[in-house]
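When we follow the numbering used here, the leftmost residue of the sequence shown carries the number 21, and every step to the right adds one.
First the structure, in the form of structure tokens, and then the observations on it.
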Amino acid sequence: MMQYYRTSTLFLSILLLAIDGIEAQSCLPPTGLDVLPSGVVDAARGALASGALPYLWLPMAETLIGQVTTFETPIQFRIAQSHASAVYNVAAKYHPVALDFWGRDVDRICQDGDADYLSLHESVAMAYAFYYSASNAIPVTGELLKPIIESFLGPAGGLPTNLLFADDPLDPSTPWGLAKKTVDEWYASIERDGWNADGTLAAEYNSFPFQDFGIVGDNGVVYEPYEVQTERTAKQWPWQPLLESDGKGFFSKQEYVAPYIGFTGRLYGMDKVHYESFTAPPPNYNYQQEARAVLERTRVMASSDKQKMLLQFFDSKFTSLLPFQINWSIMSHASEYDFWYYDMVLVNTMHDALLLVWKEKIVHNAVRPTTVVHELLKEKMVNTYAGPYLPPMEIKAKEWQPFIRTMPHAEYPSGSACICTAFAETFQLMTGKDEIDFPLEYFFDAGSSLTEKGVTPANN
């Protein structure tokens with residue numbers, strides 16, 4: 021299928037970091053730590069040296085992840101890609117030869133001098149970069165993170181956020197100046213990345229962020245907004261919007277989320293020809309069998325706290341894959357640069373995988389299991405999952421719902437399968453192996469289920 025329109029394609033030139041003969045640009049001597057409040061420098065140095073705080077930005081991570089997961093799935097990946105790339109660009113300034121995301125060598129911090137001062141300067145800069153990038157990606161998050169970054173060192177306090185806005189222009193030799201300048205550059209570069217984040221590609225006034233839109237590409241090919249197909253054929257059962265409720269009396273029919281991104285979103289890791297060469301074969305479902313199979317699987321799940329919690333855990337890649345990477349980095353004693361290099365490469369890989377699978381979802385436009393069960397089996401009585409807090413029981417098929425929300429996009433190909441495969445294969449390439457040298461564990465507190473709050477799981 022042709023690519024209708026795409027903003028400029030970029031390449032991860034920073035994947036080749038140490039190039040013999042590269043001519044270093046002039047560097048910036050690190051300054052500014054003496055401006056921080058009394059006790060902050062010593063407290064930060066102590067927390068890092070003791071291992072109590074591997075990264076100064078770490079106390080903010082959980083809050084940011086929680087905010088990211090409030091967005092629809094594809095938007096989550098755009099936020100993660102932007103955040104990781106912006107923060108990586110700051111980390112690259114502290115590496116002897118690494119280039120930034122765009123392949124540039126600018127504002128590099130000098131590597132000579134006091135190694136302890138340089139290391140702390142880097143850690144402080146990364147904390148500021150994390151906070152400021154998160155505030156750009158999701159503005160409300162800035163207010164949530166501000167009390168964390170300003171108090172995470174206990175009695176000593178934390179890093180004052182007002183330093184980010186104290187001078188104009190900011191001095192890039194200071195941790196906050198470097199963070200703000202670098203992060204601002206990144207977010208200016210993605211204002212027109214084909215995601216319609218401000219909605220203005222759909223409407224000049226009263227626009228809705230990420231709304232579908234029509235456009236004529238540079239090659240003259242037209243992308244038209246997605247339209248729901250109601251006619252079912254022998255070969256295709258098209259995606260249908262499902263009814264949703266906020267539990268407060270408001271009901272709505274789904275709109276396909278960001279259907280255009282597979283055709284208009286900017287690629288960061290592969291070129292257009294390579295991208296368009298990937299296609300998925302048409303699905304070949306036996307819908308009667310599939311309907312019965314999903315009803316049976318959810319029947320078994322209804323009696324299993326473990327299955328319910330695993331569904332919740334793996335439903336979002338930002339409560340599973342990203343915490344996995346953070347924990348792996350801590351256990352591996354990864355440096356600041358190594359963490360953000362890995363993070364940047366992984367989320368850019370997942371971002372491009374997302375665009376690819378979204379393109380193919382539109383091509384095949386496959387129906388979701390909920391629609392299949394409701395329309396094929398209708399009034400038939402089936403023994404299956406009957407809803408939150410209930411054991412499996414006999415219900416009408418048309419009243420069945422899955423344990424977690426059915427997302428507003430087509431069933432095939434699987435976004436989770438594509439994105440998780442991309443993550444796993446990239447991780448293997450970067451580490452050179454397909455195994456983890458230490459256990460990575462995740463604990464679920466009793467009653468922490470989002471669907472069955474206070475009850476599931478019954479025990480920690």
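All residues carry an ideal CB built from backbone N, CA and C; glycine is no exception.
query	result
Proximity of Val55 and Leu173 at Cβ, strictly below 8 Å	no
Enclosing beta strand (DSSP E) for Ser265 [first to last residue]	Leu263 to Ser265
For Pro245, the nearest candidate out of Asp232, His294, Trp257 and Ala466 (CA to CA)	Asp232
Exposed unless 16 or more other CB atoms sit within 10 angstroms - verdict on Ser517	This structure gives no information on residue 517, because the portion of the chain shown stretches from 21 to 480.
Any 3 or more C-beta pairs closer than 8 Å across the stretch 171-191 and the stretch 92-99	no
Exposure of Ser46, with buried meaning 16 or more beta-carbon neighbours within 10 Å	exposed
Supposed close pair Asp213, Pro229 - CB separation, criterion 8 Å	Rounded, the Cβ-Cβ distance is 13 Å, inconsistent with contact.
Beta-carbon contacts of Glu356 that lie in its chain and below 8 Å, excluding the five residues immediately before and after	Tyr75, Ala111, Tyr114, Glu142, Ser143 and Met146
Counted within 10 angstroms of its Cβ, other Cβ atoms place Pro116 as buried (16 or more) or exposed	exposed
Backbone secondary structure at Ala217 - three-state DSSP	coil
Whole-angstrom distance between Phe338 and Leu164, CA atom to CA atom	18 Å
C-alpha distance - Gln256 paired with Glu264, whole-angstrom precision	24 Å
Close-in-space but distant-in-sequence residues of the same chain around Gly162 (CB under 6 Å, 5 per side omitted)	Ser155
CA-to-CA distance, Leu341 to Trp348, given in whole angstroms	10 Å
Which of helix, strand or coil DSSP assigns to Val242	strand
Residue burial classification, Ser324 (beta-carbon count within 10 angstroms, cutoff 16)	exposed
Status (buried if at least 16 other CB within 10 Å, exposed otherwise) for Thr404	buried
Distance, His394 Cα to Thr253 Cα	17 Å
Within 8 Å, strictly: CB atoms of Glu511 and Met401	The displayed coordinates of the chain run from 21 to 480. Any statement about residue 511 would go beyond what the structure contains.
Backbone secondary structure at Ala300 - three-state DSSP	coil
Local Cβ density within 10 Å of Phe150, reported as buried at 16 or more and exposed below that	buried
Three CB pairs or more closer than 8 Å across the stretch 366-379 and the stretch 427-444	yes
Straight-line Cα distance separating Asp372 from Ala6	Because the chain spans 21 through 480 in this model, residue 6 falls outside it and cannot be assessed.
Simplified DSSP assignment, three categories, for Glu399	coil
Boundaries of the beta strand (DSSP E) in which Ser272 is found, first to last residue	Phe271 to Lys273
Burial state of Lys381 (16 or more Cβ within 10 Å)	buried
When Asn368, Pro189 and Leu262 are compared against Arg286, the one with the closest alpha-carbon	Asn368
Residues sharing a beta bridge with Ile129, DSSP	Leu48
Straight-line Cα distance separating Ile168 from Ala100	20 Å
Nearest to Arg425 (by Cα), restricted to the options Pro261, Pro301 and Pro189	Pro261
Cα-Cα separation between Glu310 and Arg319, rounded to whole angstroms	14 Å
Expected contact under 8 Å - CB spacing of Asp204 and Gly197 to nearest Å	Incorrect: roughly 11 Å between the Cβ atoms, too far for contact.
Distance CB(Pro57)-CB(Gly133) smaller than 8 Å	no
Cutoff 7 Å; reference Pro422; Cβ partners in own chain excluding five residues on either side	Thr318 and Thr390
6 Å CB neighbourhood of Leu315 in its chain, flanking five on each side removed	Val402 and Thr404
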